[in-house]
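The sequence shown lines up with residues 0 to 158 when you count with numbering that gives the first Met the number 0.
Heads up, the beta-carbon is just placed ideally off N, CA and C, and yes, glycines get one too.
Quantities reported herein were computed from a predicted structural model and do not represent experimental measurements.
To start, the structure under review is shown below, and the notes come after it.
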Amino acid sequence: MRTVACYIDLNPVRAGLVKDPKDYRFCGYAEAVAGHAGARAGLCRLHGPDWDQVHAAHRLGLFGTGAARRFAGGTITAASFGKVLRAHGQLPLATVLRCRVRYFTDAAVLGSQAFVATQLAAYRRRYGVRSHTAPRALLPITDWGGLTALRGLRQNPFG
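Structure below.
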């Protein structure tokens, strides 16, 4: 869920609206930084009870840096990303999340392997058996923190 929260909070950054999601007024992270109790409570459910530690942990997920530093590098270029992908290399999660990741929009179900398996079992009970469908690992371009997807993507999952 931390990875998903970071991806969502980085939407205005990927769209080129702001360089830092705290500067986008319609972002839950910006609400939390501004002191909104409900937004802070949501992040605390992911990271722990102490706001200073939560803020630092979420900034680390967003930018790969601590709460006191601001990311200055922008997004990775498509050419650079493609080069790492072709070489079967790895990138920091914070770098990957600044790219469009189709797993977050096209994977049908995204979560831990157990969560995806539970959702698949419910689908099978309701609509019938799909024996060749199983939770699928995301492309190993980064450490996804245990995320899996229901749907294997046939096209490049990044773009």
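Inter-residue spacing [alpha-carbon to alpha-carbon] between residue i and residue j
i, j, result
"Thr2", "Gly144", "7 angstroms"
"Thr147", "Thr76", "25 angstroms"
"Tyr6", "Val128", "32 angstroms"
"Ser79", "Arg124", "44 angstroms"
"Gln154", "Ala36", "40 angstroms"
"Ala29", "Pro139", "30 angstroms"
"Gln52", "Asp142", "22 angstroms"
"Met0", "Thr94", "17 angstroms"
"Ala71", "Gly15", "With a pLDDT of only 48 at Ala71, under the threshold of 50, the placement of this residue in the model should not be trusted, and no figure is reported."
"His57", "Leu42", "8 angstroms"
"Arg99", "Val12", "11 angstroms"
"Trp50", "Leu152", "37 angstroms"
"Leu149", "Thr132", "8 angstroms"
"Ala4", "Ala86", "28 angstroms"
"Lys82", "Pro156", "15 angstroms"
Residue i burial status per 10 Å Cβ neighbour count (16 or more: buried)
i, result
"Tyr126", "exposed"
"Thr104", "exposed"
"Pro48", "exposed"
"Ala40", "exposed"
"Arg69", "Summary for Arg69: the model assigns pLDDT 48, below 50, so the residue's position carries little reliability, and this model does not support an answer."
"Gly34", "exposed"
"Arg97", "buried"
"Phe110", "At residue 110 the sequence reads Gly, which differs from the Phe that was named. Classification of Gly110: buried, given that the 10 Å Cβ count is 16 or more."
"Phe113", "The residue you asked about is not Phe; residue 113 is Ala in the sequence shown. Looking at its Cβ environment, which holds fewer than 16 other Cβ atoms inside 10 Å, Ala113 is exposed."
C-beta atoms of residue i and residue j nearer than 7 angstroms
i, j, result
"Pro134", "Ala116", "yes"
"Gly63", "Pro20", "no"
"Tyr102", "Leu137", "yes"
"Tyr23", "Val32", "no"
Strand pairing of residue i, partner residues [DSSP]
i, result
"Val128", "Answer is none; Val128 lacks a bridge partner."
"Val135", "Here residue 135 is Arg; the residue named in the question, Val, does not match the sequence. Answer is Ala148."
"Leu109", "Ala148"
"Phe157", "Val100"
Closer than 7 angstroms to chain C by CB, residue i
i, result
"Ala107", "Considering every chain present, this structure includes no chain C. It has just one protein chain."
Distance between beta carbons of residue j and residue i, contact taken as under 8 angstroms
i, j, result
"Leu61", "Leu9", "6 angstroms"
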